[in-house]
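Notes to accompany the following structure.
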Amino acid sequence: MSGAMDRVTEPLPAGDATGTALSFDPWWWRAAPLSRAQAPTPPPTRADVAIVGAGITGCVAAAHLARAGRHVVVLDAHAPGHGGATRNAGYVGRSLKHGLGELIARDGRARAVRAYRELGTAFDAVKETVAEFGIDCHYRQQGRLLLATSAAMRDAMVREYTLRADLLGERFDVVDRAAQRDEIATDHYHGGLRIDDHAGLHPGLYHAGLLQAARAAGASIHAHTPVRGIRRDADGFTLALDAARLVAGAVVVVTNGYSGAAWPWLARRLVPFDAYQAVSAPIGEDRVRALLPGDRTFIDWNFDVDWFRRVPGDPSRLVFGGLTGGRDQDLGVMAQRLRARMLRIFPDLHDLRVEHVWTGRCAGTFDVEPRIGMHDGIHYAAGYCFVGVPMGTHFGRLLARRVLGAAGGESAFDLPLRTLPFYRGDPWWLPAVFRWMRRHDR
Ligand SMILES: Cc1cc2nc3c(=O)[nH]c(=O)nc-3n(C[C@H](O)[C@H](O)[C@H](O)COP(=O)(O)OP(=O)(O)OC[C@H]3O[C@@H](n4cnc5c(N)ncnc54)[C@H](O)[C@@H]3O)c2cc1C
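With my numbering applied, the sequence shown corresponds to residues 24 to 465, in that order.
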């Protein structure tokens with residue numbers, strides 16, 4: 024993204040063609056509203072397992088633990104799903120920020136292949152979970168088009184995916200610039216790769232299905248109940264709530280980008296960052312089909328990614344996102360910037376109007392790899408770096424096995440979780456890092 028792009032001054036198209044106001048709620052909440060008005064119900068004073076955070080990871084873990092007969096209490100500071108779970112793009116893939124080649128160079132082939140194979144397990148976990156709990160969330164293996172913003176980038180993508188094909192058996196097709204228009208009506212990109220089996224879903228409906236599965240299995244879910252602290256006792260844990268305490272035999276903390284005072288140890292090891300997304304006013308099914316004939320999930324290969332797709336469940340609209348790491352909390356300005364990025368790709372879309380724009384919080388670790396583990400007896404999973412839909416689902420299942428003491432809870436991502444001296448969970452230096460990344464992209 025250029026510096027000039029940072030200072031877009033064109034007026035914000037305030038609402039759709041019918042005059043609807045710009046909404047700052049995630050579009051996904053239309054089909055899957057959060058129970059925002061719900062008054063907190065007092066949690067019980069004892070539980071076998073307390074889960075802090077009712078996102079994807081928390082709900083999956085709760086469903087499996089409750090099905091195994093444990094008395095599970097899930098606590099969320101907001102409505103369940105308030106976090107990244109219902110704010111994401113619904114891309115389901117098999118990638119880390121570090122490519123397989125980079126990981127081999129850093130950690131050696133055995134560990135890199137093990138980590139990437141586990142990404143495959145996480146990818147499968149979403150499909151299996153949708154089937155197991157009968158979740159109607161537009162899950163579809165629609166394929167992904169990975170786009171290159173330079174010829175050199177495309178060559179690097181081909182090298183990386185050839186390595187994955189050789190070592191993991193993953194399949195891909197090269198889409199050259201001449202064939203690109205069969206997939207996407209733009210000459211902005213220098214071709215890319217198509218991965219046919221990658222999937223997409225509707226994040227709101229996916230999370231609503233997970234929450235329903237956890238409830239149906241018997242988990243007790245408590246909204247608007249922030250955990251203020253966790254103390255380890257002789258035979259379990261005590262969780263401090265605003266007006267009560269909860270004593271639990273085991274604790275699972277899955278607060279990801281929203282981690283804070285409940286467990287400062289975790290917050291000090293995560294780097295929270297914001298991502299932004301928008302949904303257009305209807306532009307017509309035919310027009311959307313003409314822009315994105317491939318009907319894939321589309322994303323480029325930059326650090327500072329742009330992504331876009333047809334809206335699942337409403338094919339007359341586009342959903343698009345980017346500007347990750349931006350700290351401008353004025354969502355109206357972010358809507359302008361996201362719109363400007365779409366116009367750079369599709370210049371004919373000058374009548375594009377933004378109807379919803381929102382932000383959500385992600386988290387990375389200092390080595391940009393997700394983590395699952397246990398510290399001081401507390402189970403955790405976090406640091407998904409943009410792959411929380413598959414990894415949150417997978418880690419939710421692993422966390423349940425770990426709490427149950429069952430086989431199959433091992434992970435290539437159970438590694439020491441490091442921090443930096445003096446870091447307390449506020450990455451004030453992040454804008455400089457993202458600026459550096461943008462320069463690297465250019
Ligand atoms: C704009 C955007 C696009 C994204 N796109 C994708 C994508 O396409 N594919 C993908 O795989 N990933 C994507 N992600 C990342 C993904 O959404 C997250 O990694 C994932 O949702 C985080 O895991 P989670 O759902 O378990 O946690 P979250 O949903 O983030 O839940 C954490 C919960 O913890 C609660 N909490 C925090 N502190 C406390 C406390 N003290 N007491 C009680 N509760 C507490 C919060 O209220 C919150 O509900 C995207 C993220 C964003 C923001």
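Where is the CB? At the ideal position from N, CA and C, for every residue including glycine. Given the structure is predicted, the values throughout are model-derived calculations rather than measurements.
Looking at ligand 1, does it come within less than 7 angstroms of C160, judged from the CB to the closest heavy atom?
Taking the first residue of the sequence shown as position 1, residue 160 is located at position 137. Flag unset: Cβ of C160 not near ligand 1.
Would the beta-carbon of Q300 be found less than 7 angstroms away from any heavy atom of ligand 1?
On the sequence shown, residue 300 is found 277 positions in, with the first residue counted as 1. Answer for Q300: yes, Cβ within range of ligand 1.
By how many angstroms is the C-alpha of G283 removed from the C-alpha of G122?
The sequence position of residue 122 within the sequence shown is 99, counting from 1. The sequence position of residue 283 within the sequence shown is 260, counting from 1. Whole-angstrom Cα-Cα distance: 30 angstroms.
Given the structure, does F409 come close to ligand 1, in the sense that its CB is under 7 angstroms from one of the ligand's heavy atoms?
Position 386 of the sequence shown, counted from the start, is the residue given in the question as residue 409. The answer is yes for F409.
Go through its chain and collect everything with a Cβ distance to W451's Cβ below 6 angstroms, but skip five positions before and after it.
Numbered from its first residue, the sequence shown carries residue 451 at position 428. Its chain contains no residue whose beta carbon lies nearer than 6 angstroms to that of W451 once the 5 sequence neighbours on both sides are disregarded.
Is it the case that the Cβ atoms of G272 and E183 are separated by a distance below 8 angstroms?
By 1-based counting over the sequence shown, the position of residue 272 is 249. By 1-based counting over the sequence shown, the position of residue 183 is 160. With contacts defined as CB atoms closer than 8 angstroms, G272 and E183 fail to qualify as a contacting pair.
Just the C-alpha distance for A108 and A77, rounded to the nearest angstrom, thanks.
Here residue 108 is taken as the residue at index 85 of the sequence shown, counted from 1. Here residue 77 is taken as the residue at index 54 of the sequence shown, counted from 1. The alpha-carbon atoms of A108 and A77 are separated by roughly 9 angstroms.
Let me check you understand the geometry: is the CB of V277 closer than 7 angstroms to at least one non-hydrogen atom of ligand 1?
By one-based count along the sequence shown, residue 277 stands at place 254. The answer is yes for V277.
Alpha carbon of A27 to alpha carbon of A363, nearest angstrom
Your numbering for residue 27 matches position 4 in the sequence shown. Your numbering for residue 363 matches position 340 in the sequence shown. Low confidence applies to A27: its pLDDT is 30, below 50, so where it sits in the model is not reliable enough to give any reading.
Considering D256, what are the terminal residues of the alpha helix (DSSP H) in which it resides?
Translated into positions along the sequence shown, residue 256 becomes position 233. Not the alpha helix (DSSP H): D256 falls in the beta strand (DSSP E), residues 252-256.
In angstroms, rounded to a whole number, what distance separates the CA positions of V310 and P103?
What you label residue 310 is simply residue 287 of the sequence shown in a count that begins at 1. What you label residue 103 is simply residue 80 of the sequence shown in a count that begins at 1. Per the sequence shown, residue 310 should be read as Arg rather than Val. The alpha-carbon of R310 is positioned some 36 angstroms away from that of P103.
Measuring CA to CA, which of L440, P338, V342, P305 is closest to D374?
Along the sequence shown, read from residue 1 onward, the residue named residue 374 stands at position 351. Nearest of L440, P338, V342, P305 to D374, Cα basis: P305.
Does the distance between the C-beta of H105 and the nearest non-hydrogen atom of ligand 1 fall short of 7 angstroms?
Here residue 105 refers to the residue found at position 82 of the sequence shown. Answer for H105: yes, Cβ within range of ligand 1.
Thinking C-beta only, is A145 closer than 8 angstroms to V275?
As a position in the sequence shown, residue 275 is number 252, starting the count at 1. As a position in the sequence shown, residue 145 is number 122, starting the count at 1. For V275 and A145, no; Cβs fall outside 8 angstroms.
Do F321 and L168 have their C-beta atoms within less than 8 angstroms of each other?
For the purposes of this step, residue 321 is taken as residue 298 along the sequence shown, with counting starting at 1. For the purposes of this step, residue 168 is taken as residue 145 along the sequence shown, with counting starting at 1. Yes; because the gap between Cβ atoms is below 8 angstroms, this pair is in contact.
Three-state secondary structure assigned by DSSP to A37:
For the purposes of this step, residue 37 is taken as residue 14 along the sequence shown, with counting starting at 1. Residue placement at A37 is flagged as unreliable, the pLDDT there being 43, under the threshold of 50; the coordinate-derived value follows with that caveat. It is a strand residue.
Which residues DSSP lists as bridging C385, in chain order:
For the purposes of this step, residue 385 is taken as the residue at position 362 of the sequence shown. According to DSSP, C385 bridges with F296.
Excluding the five sequence neighbours on either side, which residues of its own chain have a C-beta within less than 6 angstroms of the C-beta of R340, listed in chain order?
Working through the sequence shown from its first residue, we reach residue 340 at position 317. The beta carbon of R340 sits closer than 6 angstroms to those of V302, S303, P305, V334, all from its chain and outside the five residues before and after it, given in chain order.
Output the distance between the C-alpha atoms of R350 and G307, rounded to the nearest integer angstrom.
Within the sequence shown, numbered from 1, the residue matching residue 350 stands at position 327. Within the sequence shown, numbered from 1, the residue matching residue 307 stands at position 284. Approximately 33 angstroms between the Cα atoms of the pair.
Going by CA-CA distance only, name the one from A239, A246, V270 that's closest to I253.
In the sequence shown, the residue the question calls residue 253 occupies position 230. In this structure, V270 is the residue among A239, A246, V270 with its C-alpha nearest to the C-alpha of I253.
May I have the straight-line CA-CA distance separating G345 from Q300, to the nearest angstrom?
Within the sequence shown, residue 345 is the residue found at index 322, counting from 1. Within the sequence shown, residue 300 is the residue found at index 277, counting from 1. Roughly 7 angstroms separates the two Cα atoms.
Which residue marks the beginning of the alpha helix (DSSP H) containing I79, and which one marks its end?
Translated into positions along the sequence shown, residue 79 becomes position 56. Bounds of the alpha helix (DSSP H) holding I79 are 79-90.
Compare the beta carbon distance of A89 and V149 with 8 angstroms and say whether it is the shorter of the two.
By one-based count along the sequence shown, residue 89 stands at place 66. By one-based count along the sequence shown, residue 149 stands at place 126. Taking 8 angstroms as the Cβ cut-off, A89 and V149 do not qualify as a contacting pair.
Contact test: H101 Cβ vs ligand 1 heavy atom, cutoff 7 angstroms
Translated into positions along the sequence shown, residue 101 becomes position 78. Yes, Cβ of H101 sits closer than 7 angstroms to a heavy atom of ligand 1.
Should H463 go down as buried or exposed, given a rule of 16 or more other Cβ atoms within 10 Å for buried?
Position 440 of the sequence shown, counted from the start, is the residue given in the question as residue 463. H463 counts as exposed, since fewer than 16 other C-beta atoms from the protein chains shown sit within 10 angstroms of its C-beta.
Quick check on the DSSP output: the alpha helix (DSSP H) that includes G143 runs from which residue to which?
Translated into positions along the sequence shown, residue 143 becomes position 120. Where G143 is concerned, the enclosing alpha helix (DSSP H) stretches over 132-155.
If contact is defined by three or more beta carbon pairs under 8 angstroms, each pair taking one atom from either stretch, is the segment 198-214 in contact with the segment 130-144?
No, they do not touch.
Would you report the Cα separation of A455 and A263, rounded to the nearest angstrom?
Looking up residue 455 in the sequence shown gives position 432. Looking up residue 263 in the sequence shown gives position 240. Each residue's alpha carbon lies about 37 angstroms from the other.
Spatial distance of T261 from H417 (CA atoms):
For the purposes of this step, residue 261 is identified with residue 238 of the sequence shown, where counting begins at 1. For the purposes of this step, residue 417 is identified with residue 394 of the sequence shown, where counting begins at 1. So the alpha carbons of these two residues sit roughly 27 angstroms apart.
Output the distance between the C-alpha atoms of S25 and T209, rounded to the nearest integer angstrom.
As a first step, residue 25 is located in the sequence shown; it is residue number 2 there, counting from the start. As a first step, residue 209 is located in the sequence shown; it is residue number 186 there, counting from the start. Confidence in S25 is poor, its pLDDT being 31 and thus under 50, which makes the residue's placement unreliable; the coordinate value appears in the next sentence. Rounded to whole angstroms, the separation of the alpha carbons of T209 and S25 is 19 angstroms.
Less than 7 angstroms separating the Cβ of V250 from some heavy atom of ligand 1?
Within the sequence shown, the letter at position 227 stands for residue 250. Short note on V250: C-beta closer than 7 angstroms to some heavy atom of ligand 1.
Out of V136, G215, I74, which has the shortest C-alpha to C-alpha gap to M176?
Position 153 of the sequence shown, counting from 1, holds the residue named residue 176. Distances from the alpha-carbon of M176 to those of V136, G215, I74 put G215 closest.
Could you check if R200 belongs to the surroundings of ligand 1, using beta carbon to heavy atom distance under 7 angstroms?
As a working note, residue 200 is residue 177 in the sequence shown. No; taking the cut-off as 7 angstroms, the Cβ of R200 has no heavy atom of ligand 1 nearer than that.
In whole angstroms, what is the alpha-carbon distance linking G81 and F331?
Sequence index remark: in the sequence shown, residue 81 carries index 58 (1-based). Sequence index remark: in the sequence shown, residue 331 carries index 308 (1-based). Taking the CA atoms as reference points, G81 sits about 27 angstroms from F331.
With DSSP as the reference, please indicate the residues paired to G76 in a beta bridge.
Reading the sequence shown from its first residue, position 53 is the one you call residue 76. According to DSSP, which records beta bridges pairwise, G76 is partnered with nothing at all.
At a cut-off of 7 angstroms, would you count Y229 as near ligand 1, judging by its Cβ distance to the nearest heavy atom?
The sequence position of residue 229 within the sequence shown is 206, counting from 1. Flag unset: Cβ of Y229 not near ligand 1.
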